[in-house]
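**Q**
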C-alpha cells in the first residue's frame with residue numbers, strides 16, 4: 028500500500044478505536060482506486076423500481092448519517108483533506124431482509140469499496156481513509172435474497188480550500204460561476220411545498236440558508252440567484268418579505284457571495300392584452316422596484332451582482348401576458364435599477380428553445396405542439412429585435428447535454444441578437460443544469476454540466492448558473508426536480524459535480540480566455556480543447572465526447588501538470604494530452620506559446 032495513504036489510514040484506525048462500542052469498518056479509497064471485482068449488488072439503477080425513494084428507506088429503518096465518534100453530524104458530507112470522515116449505518120432488521128451492503132462508487136461509476144453485513148440489526152461505523160480530492164457516491168442496500176428492496180444514496184466530498192481561489196476568481200477571471208437558489212421558500216412555503224415535513228426539522232430557516240450558502244461557497248461558487256421577496260401586487264393580502272430578504276443577504280455577505288437578484292414580472296400590471304396600466308397593481312409593483320433599487324442595488328457595498336427580470340418569457344409556465352407587456356416591464360425595471368447603479372448588469376429572464384416546455388404535448392398532440400412552437404419562435408424573433416440593441420448580456424437556459432441540437436440553437440440565437448444590433452459579450456447561461464433523474468444518471472449528468480461550462484466559457488460567454496443548488500420538495504431520487512441539483516435535497520450531500528466544480532475553481536482561478544485550439548464535431552460528438560491565460564503561464568482545458576482523443580502539442584512550457592476532473596494533480600509531459608468525456612486540465616508553467624501539432 029503506498030506510504031502516502033498511511034496518515035489517513037492511521038486517522039481511520041484511531042476513529043475506529045474511539046467507536047469500539049459499535050461495529051466498525053475501515054474503508055480506504057483514492058482517486059485511483061481500482062474497481063472491486065465481483066460485488067454481488069444490483070446495478071446503479073434497477074429499471075421500474077421505486078426502491079430509491081426516501082419513503083422506502085424510512086419504512087425499513089435504513090439509515091446512513093455522518094458521525095463524529097460521539098454524535099451525528101447531519102448535513103456534514105463535505106470535508107477538507109485531513110479531516111476525519113465517518114458514517115454511521117443503522118438497520119433494525121426486518122423479516123425477509125437477509126443482508127445489507129455498503130458500496131462506494133467513484134465518479135466513473137465504478138464500485139471501489141464494498142462491505143456486506145448480515146440480516147440485522149446493523150449498527151456500524153464506516154471510517155473512511157481518503158487520499159486525494161473527489162466526490163464519491165455511497166449506496167446502502169437492503170436485499171431480500173437477490174431482490175433489492177431499498178437503496179439509500181448519499182454523496183461525500185473531499186475538496187480543496189477554495190477561499191483564496193474564489194477571491195482571485197472574482198478579481199481576475201472573465202467568467203462567473205454560480206447557481207440558482209430559492210431561500211424565500213425556507214421561510215414561507217411550508218407546509219405546502221414541503222408536503223408533510225419541514226426540510227430540516229432540526230434547523231431554523233436562517234440556519235438552513237446559512238448551511239446551504241456555505242456549501243455553495245466551499246465548491247467555489249461566487250453568485251447565487253435569489254427569489255423575489257416583493258409582494259404579489261395583484262393579491263391584496265400579499266406582503267413583501269423585506270426582513271427575510273435582509274437576513275438572506277446578510278448570510279450571502281457572510282460567505283462572500285454575490286446575488287443575481289431575481290425580480291418577478293406580473294401581467295396583472297396591465298388591463299387585458301393592452302399596454303394600459305392597472306394603476307393599483309402597477310404602483311404596488313413599482314414601489315417594490317424602488318425599494319430594491321434603493322436598499323439593495325445602490326451603493327458601492329451592494330451584494331447584487333446582476334438583476335434578472337422575469338423568466339423564460341415566451342413560455343406559458345412563466346408569462347401569461349403579451350410580448351409587448353413583458354418588454355415594457357423589462358424596460359421599466361432596467362431603467363429603475365440602472366439609475367441606481369449605471370454599470371449594473373440588468374437582463375431579461377433567460378430564453379430557451381421554442382417548444383422546450385411542451386414535451387408531453389409533443390407526443391400527445393403533435394399538431395398543437397408544432398403550432399405553439401411556431402408561435403414561440405416568432406415571439407423570440409421579435410423579442411430579440413426589440414431588446415437586443417440595448418442589452419448588456421443576453422441570458423439563455425441550456426438544460427441537458429451538450430448536443431448538436433442545443434449548440435445549433437445557441438448559434439442561431441446569437442446570430443439573431445447580433446443581427447438586431449447587440450454588440451456586447453453575447454451570452455450568459457442563467458440556467459445550465461442536467462438532470463440525474465435516476466441513479467445511473469449520477470455518473471453522467473455531472474460530465475454533461477462540466478462540458479457545458481467549458482463550452483460556454485470557450486465561446487466567450489460571461490458566466491453560468493447551475494440549475495439548481497438544492498431543492499427541498501418531496502423526498503426521492505426521481506421526484507419534484509431533485510435530479511437537477513448540486514446537493515441532494517433534505518440531507519445536503521454532494522453530487523459528483525460538487526467536487527468537479529471545486530476542482531475547476533481551484534485549478535483555473537485567475538484564468539482568462541485566450542482562444543480555442545481545437546473544436547471538432549463528428550457524428551454529433553464534440554472534441555474541444557481551449558487555451559486559457561493562467562497566472563503561472565498557460566492552461567489547457569478540454570474533453571472528447573466520443574471517447575479517447577490523442578492531442579499532440581507544441582509549447583515552450585518549462586513544466587506540465589495534469590489535473591484530473593476532481594483536482595488531483597500529477598506531473599505530465601507537455602507534448603501530448605489525452606482527452607475523454609470528462610473535462611481535464613493541463614497547466615503549462617512558464618508557457619508563452621501553445622499550439623496543436
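Numbering (my numbering), first residue to last: 28 to 624. No residue lacks a Cβ here, since even glycine has one placed at the ideal position from N, Cα and C.
#1: Rounded to the nearest angstrom, how far is the Cβ of residue 228 from that of residue 275, given a contact under 8 Å?
#2: Can you list, in chain order, the residues of its chain whose CB lies under 6 Å from that of residue 625, leaving out five sequence neighbours each side?
#3: Return the bridge partner residues of residue 551 from the DSSP annotation.
#4: By a C-beta neighbour count over all protein chains shown, 10 Å radius and 16 as the cutoff for buried, is residue 533 buried or exposed?
#5: Exposed or buried, what is residue 623 when buried is set at 16 or more other beta-carbons lying within 10 Å of its beta-carbon?
#6: Relative to the alpha-carbon of residue 162, which residue among 182, 155, 151 and 171 has its alpha-carbon at the smallest distance?
#7: Out of 352, 263, 153 and 290, point me to the one whose CA is closest to residue 302's CA.
#8: Compute the Euclidean distance between the alpha carbons of residue 313 and residue 354, then round it to the nearest angstrom.
#9: If you draw a straight line from the C-alpha of residue 236 to the C-alpha of residue 252, how long is it?
#10: On the three-state DSSP scale, how would you describe residue 538?
#11: If you draw a straight line from the C-alpha of residue 134 to the C-alpha of residue 88, how long is it?
#12: Just to confirm, are residue 184 and residue 63 a CB contact at a threshold of 8 Å?
#13: Select from 215, 254 and 144 the residue whose C-alpha is nearest the C-alpha of residue 67.
#14: Starting from residue 271, trace the alpha helix (DSSP H) in both directions and tell me its first and last residue.
#15: I think residue 426 touches residue 461, with their Cβ atoms under 8 Å apart; what is that distance to the nearest whole Å?
#16: How would you call residue 565, buried or exposed, if buried means at least 16 neighbouring beta carbons within 10 angstroms?
#17: Quick one: does residue 189 have its CB under 8 Å from some CB of chain C?
#18: Could you give the DSSP three-state label for residue 619: helix, strand or coil?
#19: Using the beta-carbon count (16 or more within 10 Å), is residue 223 buried or exposed?
#20: Taking contact to mean 3 or more Cβ pairs, one atom from each stretch, closer than 8 Å, check whether the stretch 285-297 and the stretch 331-345 are in contact.
#21: Considering only residues of the same chain and omitting the five flanking positions on each side of residue 325, which have a CB-CB separation below 8 Å?
#22: Out of 332, 465, 390 and 343, which one is the CA nearest neighbour of residue 280?
#23: What does a CB cutoff of less than 7 Å around residue 92 pick up in its chain, not counting 5 residues either side in sequence?
#24: Please say whether residue 555 and residue 567 have beta carbons closer to each other than 8 Å?
#25: For residue 393, report the span of its alpha helix (DSSP H) as first-last.
#26: Once you ignore the five residues that flank residue 519 on each side, which residues in its own chain have a CB closer than 8 Å to its CB?
#27: Alpha carbon to alpha carbon, how far is residue 147 from residue 284? Give it in angstroms, no decimals.
#28: Going straight from the alpha carbon of residue 572 to that of residue 553, what length do you get?
#29: Do you know whose CA, among 179, 264 and 136, lies nearest residue 84's CA?
#30: At the level of alpha carbons, what is the spacing between residue 245 and residue 458?
#31: Going straight from the alpha carbon of residue 468 to that of residue 522, what length do you get?
#32: Can you pull the DSSP bridge partners for residue 461?
#33: Going by the beta-carbon positions, is the gap between residue 621 and residue 557 smaller than 8 Å?
#34: Mapping the DSSP letters down to three states, classify residue 157 as helix, strand or coil.
#35: Residue range of the alpha helix (DSSP H) that residue 261 falls in?
**A** In short:
#1: No, residue 228 and residue 275 are not in contact; Cβ-Cβ is about 21 Å, not under 8 Å.
#2: One cannot answer for residue 625 here, as it falls past the ends of the chain, which runs 28 to 624.
#3: Its beta-bridge partners do not exist; DSSP assigns none.
#4: buried
#5: exposed
#6: 182
#7: 352
#8: 15 Å
#9: 13 Å
#10: coil
#11: 28 Å
#12: no
#13: 144
#14: 269-281
#15: 7 Å
#16: buried
#17: The structure shown contains no chain C, having only a single protein chain.
#18: coil
#19: For residue 223, the pLDDT reaches just 49, beneath the cut-off of 50, and the residue's location in the model is therefore unreliable, although a value from the coordinates is still provided. Classification for residue 223: exposed.
#20: yes
#21: 367 and 368
#22: 332
#23: 99, 101, 114 and 115
#24: no
#25: 393-414
#26: 102, 104, 238, 239, 242 and 497
#27: 45 Å
#28: 5 Å
#29: 179
#30: 20 Å
#31: 11 Å
#32: In DSSP, residue 461 forms no bridge with anything.
#33: no
#34: strand
#35: Careful: residue 261 lies outside any alpha helix (DSSP H) and carries neither H nor E.
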